[in-house]
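Undergrad:
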Amino acid sequence: MDSSGEYQVIGINYASAASSKAQNTNYVLPSVHIFPVLHEFVEHEGSESGPDEHVQLRFAPIGATFIESTDAIYNASGGCTSGPLVSKISARSVLAFAEPPIPEQVQLVAVDGVQLDKFGMGRTPGFSGHPVPFGSILTARADMNKTQSVTICQNGKESTHVVSMRWRPEYDLGVREVMEPHYEKMLLDYEVFAGVTLMRMTLNHVHTLINDCAKWGTCTLGRWMLERNQLQPRVMVVHVDQTAYAYGVVAEGMTVSTVNGYAVSTLEDVRKHFLPKGTTWSLATDRGIVLTVKFQETLAAQLFSAWAAPSNRYLLTPAVKAAVAGSPTLKDLVSMASAPHSAGSPGANATVGRSASAAAAAASSGLAGGAPAEPAGGGSPRRGLRARAGPLPV
Numbered sequence: 001m002d003s004s005g006e007y008q009v010i011g012i013n014y015a016s017a018a019s020s021k022a023q024n025t026n027y028v029l030p031s032v033h034i035f036p037v038l039h040e041f042v043e044h045e046g047s048e049s050g051p052d053e054h055v056q057l058r059f060a061p062i063g064a065t066f067i068e069s070t071d072a073i074y075n076a077s078g079g080c081t082s083g084p085l086v087s088k089i090s091a092r093s094v095l096a097f098a099e100p101p102i103p104e105q106v107q108l109v110a111v112d113g114v115q116l117d118k119f120g121m122g123r124t125p126g127f128s129g130h131p132v133p134f135g136s137i138l139t140a141r142a143d144m145n146k147t148q149s150v151t152i153c154q155n156g157k158e159s160t161h162v163v164s165m166r167w168r169p170e171y172d173l174g175v176r177e178v179m180e181p182h183y184e185k186m187l188l189d190y191e192v193f194a195g196v197t198l199m200r201m202t203l204n205h206v207h208t209l210i211n212d213c214a215k216w217g218t219c220t221l222g223r224w225m226l227e228r229n230q231l232q233p234r235v236m237v238v239h240v241d242q243t244a245y246a247y248g249v250v251a252e253g254m255t256v257s258t259v260n261g262y263a264v265s266t267l268e269d270v271r272k273h274f275l276p277k278g279t280t281w282s283l284a285t286d287r288g289i290v291l292t293v294k295f296q297e298t299l300a301a302q303l304f305s306a307w308a309a310p311s312n313r314y315l316l317t318p319a320v321k322a323a324v325a326g327s328p329t330l331k332d333l334v335s336m337a338s339a340p341h342s343a344g345s346p347g348a349n350a351t352v353g354r355s356a357s358a359a360a361a362a363a364s365s366g367l368a369g370g371a372p373a374e375p376a377g378g379g380s381p382r383r384g385l386r387a388r389a390g391p392l393p394v
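Counting from 1, one number per residue, gives the positions in the sequence shown under full-length UniProt numbering.
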């Protein structure tokens, strides 16, 4: 109830505890954070694409390191007397995209006129006057299209900067989390060759592999949790066919650095350099593991496997199709590989590959959660541990 005696909705209560052992775990989402969502609904309902358009509401990242100010910090600031110290700002921070950009080593004094204390907390009516972090103040505005003011103090002089919390493409990381795989098809893309399935690395993959890293031997993948290592996209090994030679060389979680001697960071790079100049095809990881196979023989075996059953059509990836189209000796195989299963005998080499369901599970393992699947008959999926004397570097 407010001062006028009227009831106001201040939050929405919901329970999100998934554990069966949790007791009385409830949360309240402040209503000020619901208003931006409602505003987006209203705005897009009247758009040309209509209410069926899928929209993600994403806020610009704060991306900065703040330190509680002390008397010593204020004395060294040249005359500033309030707000926390902004010690470091990421290149993708909303503060770096402010107009004009906000520098490092300044005091953050106010957000939209709300004064901040030395901890970076401010009091607003939207939070019933309780102290809240300045980041919550920035995201409490209903209309994301409206800019906000940020006041800083540097060398005793205050200046005002304009920021927008609306998401922009520059904020995206090369290695990021996939929240809605159904709407981000490009991140579900993959390539398969020599029994190795490659995908663009996502944080979903990394989380899955380090969740029980002591068991899988993948604790070193924690390096991809650092933002400085996430700036550029990466290509990751997400599955290795147990029947392939590669099963004893590479493993899930390895990061591909080169294909046929060329640096790669995206699947587009892999496809661009897929055709080798010689007779061998190679893949190298950032930790020094190298997989080398005979290109023509491996390509032919993969095409025969794709031809063996309709469920193996996933082996006809863009890179494989392009390689066959450019090879006069294998040109006829692409039509055979695309032919119905009843077209004839697959031949003796049609044992390479795996079922489509297994491929789909492998391709989305990091996106759906869960640990890597155990090989048939038990044992560790870290196939390189059986072939090498020591841990396999991922």
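Glycine residues also receive a C-beta, built at the ideal position from the N, C-alpha and C atoms. Nothing here was measured: the structure is a model prediction, and the numbers come from that model.
By the 10 Å Cβ neighbour count, where 16 or more other Cβ atoms means buried, how is Gly156 classified, buried or exposed?
TA: It is exposed - the Cβ of Gly156 has fewer than 16 other Cβ atoms within 10 Å.
Undergrad: Between Ile137 and Val162, is the Cβ-Cβ spacing less than 8 Å?
TA: In this structure, Val162 does not lie closer than 8 Å to Ile137 by Cβ.
Undergrad: I need the DSSP call for Phe274, collapsed to helix, strand or coil.
TA: Reduced to three states, the DSSP call for Phe274 is coil.
Undergrad: Candidates His205, Ser164, Ser87, Glu184: which alpha carbon is nearest Cys153's?
TA: Comparing Cα-Cα distances from Cys153 to each of His205, Ser164, Ser87, Glu184, the minimum goes to Ser87.
Undergrad: Straight-line CA distance for Gly347 to Gln302?
TA: The predicted model places Gly347 with a pLDDT of 29, which falls under 50 and marks its position as unreliable; any figure quoted below should be read in that light. In a straight line, the C-alpha of Gly347 is about 12 Å away from that of Gln302.
Undergrad: Is DSSP giving Ala361 helix, strand or coil here?
TA: Note that Ala361 scores a pLDDT of 43, beneath 50, so its modelled location is shaky and nothing firm can be said.
Undergrad: If you draw a straight line from the alpha carbon of Ala72 to that of Met144, how long is it in whole angstroms?
TA: Using only the alpha carbons, I get a separation of about 37 Å.
Undergrad: Mind checking who Lys294 pairs with in its DSSP beta bridge?
TA: Its beta-bridge partners are Thr280.
Undergrad: What's the gap between the Cα of Met179 and the Cα of Leu57?
TA: Rounded to whole angstroms, Met179 to Leu57 spans 12 Å at the Cα level.
Undergrad: Taking the alpha-carbon of Pro318 as reference, which of Val237, Glu158, Leu299 has the nearest alpha-carbon?
TA: If we check each option's Cα against that of Pro318, Leu299 comes out closest.
Undergrad: Use the C-beta contact count for Asp241: other C-beta atoms within 10 angstroms, 16 or more gives buried, fewer gives exposed.
TA: So Asp241 counts as buried.
Undergrad: Secondary structure at residue 398, three-state DSSP: helix, strand or coil?
TA: Not covered by the structure: residue 398. The range shown for the chain is 1 to 394.
Undergrad: Taking the alpha-carbon positions, what's the Gly11 to Met225 distance?
TA: One C-alpha to the other measures close to 33 Å.
Undergrad: Is the stretch 68 to 84 in contact with the stretch 112 to 131, if contact means three or more CB pairs nearer than 8 Å?
TA: Output reads yes: the stretch 112 to 131 touches the stretch 68 to 84.
Undergrad: Spatial neighbours of Asn75 within its chain, please: CB distance less than 7 Å, with the 5 preceding and 5 following residues excluded, ordered by chain position.
TA: If we look at Asn75 and ignore the five residues flanking it on each side, it has no Cβ neighbours.
Undergrad: Can you give me the Cβ contacts of Phe59 inside the same chain, cut-off strictly under 6 Å, excluding the 5 residues immediately before and after it?
TA: Once the five neighbours on either side are set aside, the close Cβ partners of Phe59 are Thr139, Met165.
Undergrad: Between the alpha carbons of Gly113 and Arg176, how many angstroms are there, rounded?
TA: If I take the Cα positions, the gap works out to 34 Å.
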